[in-house]
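Student: Before anything else, here's the structure in question.
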Amino acid sequence: MLNYFKESDNDKHSNKPLRSTNIEFQELKLCFRKMEQNVIPLIDSHTHIQEHSEIDQENIVSRALLSNVRILVAAGTTIKDSEKSIGLSNRYPNVFSGVGVHPTELTSTFSETEIKNLKKLANHKNVICLSEIGIDYQDNSPDKSLQRIAFDQQIKLAKRLNLPVVFHIRENKDEFNASNARDAALEILKENVGIMGIAHYFQGNWTFAKRLLDLGLYLSFAKPLLRMKELEETAIKVPDDMFVVETDSYPQPFKKDRSKWTEPYQLPTIVKKISELRRRDIQTISQLTTNNALNIFNKHRFLIEKQLNDT
34 MLNYFKESDN DKHSNKPLRS TNIEFQELKL CFRKMEQNVI PLIDSHTHIQ
84 EHSEIDQENI VSRALLSNVR ILVAAGTTIK DSEKSIGLSN RYPNVFSGVG
134 VHPTELTSTF SETEIKNLKK LANHKNVICL SEIGIDYQDN SPDKSLQRIA
184 FDQQIKLAKR LNLPVVFHIR ENKDEFNASN ARDAALEILK ENVGIMGIAH
234 YFQGNWTFAK RLLDLGLYLS FAKPLLRMKE LEETAIKVPD DMFVVETDSY
284 PQPFKKDRSK WTEPYQLPTI VKKISELRRR DIQTISQLTT NNALNIFNKH
334 RFLIEKQLND T
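So for the sequence shown, my numbering puts the first residue at 34; every next one is plus one.
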């Protein structure tokens with residue numbers, strides 16, 4: 034297992050205890066308690082840990098393992114970021130990669146060159162999905178027609194490669210019941226019959242959830258479920274075999290207290306919330322989320338299961 038503490042260049046001549054982050058020891062003990070409570074290994078289906086510093090990456094992976102989060106999927110948002118995701122997966126055997134171009138990262142065109150570059154990256158042995166792609170209708174987001182083209186082309190690439198997609202849908206001002214971005218995304222998903230996919234960081238009502246589920250798409254629950262009462266209906270009603278869990282785990286420098294940043298080690302809190310809402314024990318919900326993730330990442334199931342057993 035990786036070391037929780039890691040010596041940095043600044044620490045070598047210091048008399049202070051080695052600490053690479055300011056996360057308190059109590060949080061480390063919490064990781065152990067969560068691991069003891071849940072013997073089913075968990076899969077964090079969507080993170081951005083490649084965006085953290087290298088020393089932070091090691092500590093993040095270590096804390097995840099201590100909390101029994103055995104597999105992390107690092108999602109790319111650009112070609113360069115996707116390369117970083119693959120690089121991270123090469124360094125840590127329990128990290129797998131997603132490659133893709135996020136809708137907010139699009140420029141003036143989405144060219145054949147970008148598709149070719151993505152295809153090359155997607156053929157790497159550790160790439161298990163096209164992620165993160167999607168539709169984003171925030172005020173400052175790129176042209177909507179460009180977003181639709183990029184989303185469609187990346188889905189088609191995923192179908193050719195027999196890979197699932199992990200997609201982002203965001204309405205303007207994050208309106209919970211709005212349908213502009215959702216309708217646009219659903220139209221494209223419907224046109225690509227048979228695509229396997231996950232609605233990442235799901236924040237919609239049950240009506241929208243059913244539309245996704247009717248297409249055979251999975252829902253991914255994250256920390257919004259801990260604070261948004263509106264999501265609880267969906268978390269209760271979604272079929273046992275159609276949901277996974279994630280943390281997103283993007284760097285959050287706007288939170289000055291580093292210990293407040295979201296990390297994969299917090300995934301058990303999401304599982305616990307789902308177990309409470311569905312009135313099922315934590316072990317059962319853990320097993321469901323892990324099995325569902327293995328099903329959607331089926332092309333790489335053998336590699337993922339091997340790592341689950343070896344970690």
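For each residue, glycine too, the CB sits at the ideal point set by N, CA and C.
Everything numeric in this text was worked out from a predicted model, so none of it was measured.
F235: which of I228, G227 and N210 sits nearest, CA to CA?
Tutor: Here the question's residue 235 lines up with position 202 in the sequence shown. Cα-wise, what sits closest to F235 is N210.
Student: Taking the alpha carbon of I148 as the point to measure from, which residue in I76, F184 and N328 has its own alpha carbon closest?
Tutor: Mapped onto the sequence shown, residue 148 falls at position 115. Among I76, F184 and N328, the Cα nearest to that of I148 belongs to F184.
Student: Could you compute how far the alpha carbon of Q285 sits from the alpha carbon of T295?
Tutor: Start at 1 with the first residue of the sequence shown, and residue 285 comes out as number 252. Start at 1 with the first residue of the sequence shown, and residue 295 comes out as number 262. Taking the straight line joining both Cα atoms gives about 8 angstroms.
Student: Can you name, in chain order, every residue of its own chain whose Cβ lies under 7 angstroms from the Cβ of D281, other than the five neighbours on each side?
Tutor: Within the sequence shown, the letter at position 248 stands for residue 281. Excluding sequence neighbours, D281 sits near H79, T80, H81, Y234, A255 and T295.
Student: Put F287 into one of helix, strand or coil per three-state DSSP.
Tutor: On the sequence shown, position 254 is the one that residue 287 refers to. It is coil, neither helix nor strand.
Student: Within its chain, find whatever has a CB closer than 6 angstroms to the CB of A218; leave out the 5 residues flanking it on each side and keep chain order.
Tutor: In the sequence shown, residue 218 corresponds to position 185, counting from 1. The answer, listed in chain order, is I168 and I202.
Student: Would you kindly check if the distance between the Cβ of G120 and the Cβ of L163 is under 7 angstroms?
Tutor: Residue mapping note: residue 163 aligns to position 130 of the sequence shown, counting from 1. Residue mapping note: residue 120 aligns to position 87 of the sequence shown, counting from 1. For L163 and G120, no; Cβs fall outside 7 angstroms.
Student: For L300 versus L75, is the C-beta spacing smaller than 7 angstroms?
Tutor: As a working mapping, residue 300 is identified with position 267 in the sequence shown. As a working mapping, residue 75 is identified with position 42 in the sequence shown. Yes, the pair counts as a contact, with Cβ atoms nearer than the cut-off.
Student: Buried or exposed for V72, going by 16 or more other Cβ atoms inside 10 Å?
Tutor: As a position in the sequence shown, residue 72 is number 39, starting the count at 1. Label assigned to V72: exposed.
Student: Quick one: is D114 buried, meaning 16 or more other Cβ sit within 10 Å of its Cβ, or exposed?
Tutor: As a first step, residue 114 must be located in the sequence shown, where it is residue number 81. With 16 or more Cβ atoms within 10 Å of its Cβ, D114 is classed as buried.
Student: For K124, does the count of other Cβ atoms within 10 angstroms reach 16, so buried, or fall short, so exposed?
Tutor: Position 91 of the sequence shown holds residue 124. Checking the sequence shown, residue 124 turns out to be Arg, not Lys. R124 comes out exposed.
Student: Among I318, F200 and N92, which residue has its Cα nearest to the Cα of E165?
Tutor: As a working note, residue 165 is residue 132 in the sequence shown. The shortest C-alpha separation from E165 is found at F200.
Student: For P126 and K223, I'd like the C-alpha separation in whole angstroms.
Tutor: Taking the sequence shown and counting its residues from 1, one reaches residue 126 at position 93. Taking the sequence shown and counting its residues from 1, one reaches residue 223 at position 190. Taking the straight line from one Cα to the other gives about 35 angstroms.
Student: With the cut-off set at 7 angstroms, would you say S268 and L259 are in Cβ contact?
Tutor: As a first step, residue 268 must be located in the sequence shown, where it is residue number 235. As a first step, residue 259 must be located in the sequence shown, where it is residue number 226. Going by the sequence as given, residue 268 is Ala instead of Ser. In this structure, L259 does not lie closer than 7 angstroms to A268 by Cβ.
Student: Can you list, in chain order, the residues of its chain whose CB lies under 8 angstroms from that of W239, leaving out five sequence neighbours each side?
Tutor: Taking the first residue of the sequence shown as 1, we reach residue 239 at position 206. So the list reads E266, T267 and K270, once near-sequence residues are dropped.
Student: Are the beta-carbon atoms of L150 and I188 separated by less than 7 angstroms?
Tutor: Within the sequence shown, numbered from 1, the residue matching residue 150 stands at position 117. Within the sequence shown, numbered from 1, the residue matching residue 188 stands at position 155. Position check: residue 150 holds Asn in this sequence, whereas Leu was assumed. No, the pair does not count as a contact, with Cβ atoms beyond the cut-off.
Student: Assuming E138 contacts T110 (C-beta within less than 8 angstroms), just tell me the rounded distance between them.
Tutor: Reading the sequence shown from its first residue, position 105 is the one you call residue 138. Reading the sequence shown from its first residue, position 77 is the one you call residue 110. Their Cβ separation, rounded to whole angstroms, is 5 angstroms, which keeps E138 and T110 in contact under 8 angstroms.
Student: Can you look up R103 in the DSSP assignment and give me helix, strand or coil?
Tutor: Taking the sequence shown and counting its residues from 1, the one referred to as residue 103 is at position 70. Three-state result, R103: strand.
Student: Of all the options E145, H85, A108 and D89, which has the alpha carbon lying nearest to the alpha carbon of D77?
Tutor: Counting from one through the sequence shown, the residue named residue 77 turns up at place 44. Of the candidates E145, H85, A108 and D89, the one whose C-alpha sits nearest the C-alpha of D77 is A108.
Student: Is the separation between the beta-carbon of Y298 and that of V277 shorter than 7 angstroms?
Tutor: Your numbering for residue 298 matches position 265 in the sequence shown. Your numbering for residue 277 matches position 244 in the sequence shown. Going by C-beta atoms, Y298 is not nearer than 7 angstroms to V277.
Student: Looking at the strands, I want to know which residues DSSP matches up with D169.
Tutor: For the purposes of this step, residue 169 is identified with residue 136 of the sequence shown, where counting begins at 1. Paired residue(s): R203.
Student: Which word fits T322, buried or exposed, when buried means at least 16 other C-beta atoms lie within 10 angstroms of its C-beta?
Tutor: Along the sequence shown, one-based indexing puts residue 322 at 289. Burial call: buried.
Student: Which residues mark the beginning and the end of the alpha helix (DSSP H) in which G120 is found?
Tutor: Your numbering for residue 120 matches position 87 in the sequence shown. Looking at the DSSP string, the run of the alpha helix (DSSP H) that includes G120 is I112 to R124.
Student: Note down the Cα distance separating M261 from D172, rounded to an integer number of angstroms.
Tutor: Within the sequence shown, residue 261 is the residue found at index 228, counting from 1. Within the sequence shown, residue 172 is the residue found at index 139, counting from 1. Cα to Cα, M261 sits roughly 23 angstroms from D172.
Student: Using a 10 Å radius around the Cβ and a threshold of 16 neighbouring Cβ atoms, would you call I337 buried or exposed?
Tutor: Along the sequence shown, one-based indexing puts residue 337 at 304. Label assigned to I337: buried.
Student: Can you tell me which of D274, D216, F129 and D247 puts its alpha carbon nearest to the alpha carbon of I228?
Tutor: Translated into positions along the sequence shown, residue 228 becomes position 195. Nearest C-alpha to I228: D247.
Student: Residues in the same chain with beta-carbon distance under 6 angstroms from L154, minus the five sequence neighbours each way, listed in chain order, please.
Tutor: As a position in the sequence shown, residue 154 is number 121, starting the count at 1. Here the set comprises S115 and V132.
Student: What are the residues that DSSP puts in a beta bridge with L75?
Tutor: Residue mapping note: residue 75 aligns to position 42 of the sequence shown, counting from 1. BP columns for L75 point to V102.
Student: Which of the three DSSP states is assigned to V160 in this structure?
Tutor: By 1-based counting over the sequence shown, the position of residue 160 is 127. V160 falls in the strand class under three-state DSSP.
Student: For S345, does the count of other Cβ atoms within 10 angstroms reach 16, so buried, or fall short, so exposed?
Tutor: Nothing can be reported for residue 345: it is not among the residues displayed for the chain, which extend from 34 to 344.
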